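**Student:**
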Amino acid sequence: MTTSAAGQPLIPQPPATVAALRQAISQIAPAALPAFTRELDQAADQSRQGSDLAPLQRFIAQWAVYVHIQRRPDAAADLRRWEDTAKSGDATQARQAASEIGRILDEAHAAIGLPAR
Numbered sequence: 001m002t003t004s005a006a007g008q009p010l011i012p013q014p015p016a017t018v019a020a021l022r023q024a025i026s027q028i029a030p031a032a033l034p035a036f037t038r039e040l041d042q043a044a045d046q047s048r049q050g051s052d053l054a055p056l057q058r059f060i061a062q063w064a065v066y067v068h069i070q071r072r073p074d075a076a077a078d079l080r081r082w083e084d085t086a087k088s089g090d091a092t093q094a095r096q097a098a099s100e101i102g103r104i105l106d107e108a109h110a111a112i113g114l115p116a117r
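Quick note on the UniProt record's numbering: the sequence shown kicks off at 1 and runs consecutively.
Below, the structure written as structure tokens:
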């Protein structure tokens, strides 16, 4: 992953298109590319089977949020830390972790113009 000045995004937020998101992921989180491709194939199949664009729209929104978070190393580290806490903590820690994860995701949704989850 490329480094940036403290608090600065690694890359600008890309447009919410498959090609732009794939390019961004290849730059900031290349290990996620197989999951991106697998989930894109699944969304495309679901869209074709149902003659509905909703699965592709959900896919793009999900990965736009992922990119928004991952392009900001501090936010990505916070998310990983809270995810780890949710897995290994007691009930009180898990509730706090769920709340913080929700806050991070809500902020990402708002930043890219999506409604809150």
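Ideal placement from N, C-alpha and C gives every residue a C-beta, glycine not left out. This structure is a prediction, so every number in the text was calculated from the model and none was measured.
Exposed or buried, Arg48, counting other C-beta atoms within 10 Å across all chains shown (16 or more means buried)?
**Tutor:** Result: exposed.
**Student:** Tell me the DSSP secondary structure of Trp63 in three-state form.
**Tutor:** Residue state, collapsed to three classes: helix.
**Student:** Can you give the Cα-Cα distance for Gln8 and Pro73, rounded to whole angstroms?
**Tutor:** Using only the alpha carbons, I get a separation of about 8 angstroms.
**Student:** Could you compute how far the alpha carbon of Ala64 sits from the alpha carbon of Asp41?
**Tutor:** So the alpha carbons of these two residues sit roughly 17 angstroms apart.
**Student:** State the Cα-Cα distance for the pair Gly89 and Ser51, rounded to the nearest angstrom.
**Tutor:** Roughly 43 angstroms between the two C-alpha positions.
**Student:** Exposed or buried, which one is Pro15 when buried takes at least 16 other CB atoms within 10 Å?
**Tutor:** Pro15 comes out exposed.
**Student:** Using the C-alpha atoms, what's the distance from Lys87 back to Val18?
**Tutor:** Those two C-alpha atoms are separated by around 31 angstroms.
**Student:** Could you say which of Ala75, Trp82, Leu79, Ile60 lies nearest to residue 148 if we only look at CA atoms?
**Tutor:** Given that the chain is displayed from residue 1 to residue 117, the structure contains no residue 148 and the question cannot be resolved.
**Student:** Looking only at its own chain, which residues have a Cβ that is under 6 angstroms from the Cβ of Thr85, when we skip the five neighbours before and after it?
**Tutor:** Excluding positions up to five away in sequence, the list reads Gln93, Ala97.
**Student:** So, for Glu83: in the same chain, excluding its five sequence neighbours on each side, which residues have a beta-carbon less than 8 angstroms away from its beta-carbon?
**Tutor:** So the qualifying residues of the chain are Ala97, Ile101.
**Student:** Which runs of the alpha helix (DSSP H), 4 residues or longer, sit entirely within the region 25-79?
**Tutor:** If we require 4 residues or more, the alpha helix (DSSP H) runs fully inside the region 25-79 come out as 33-50, 54-70.
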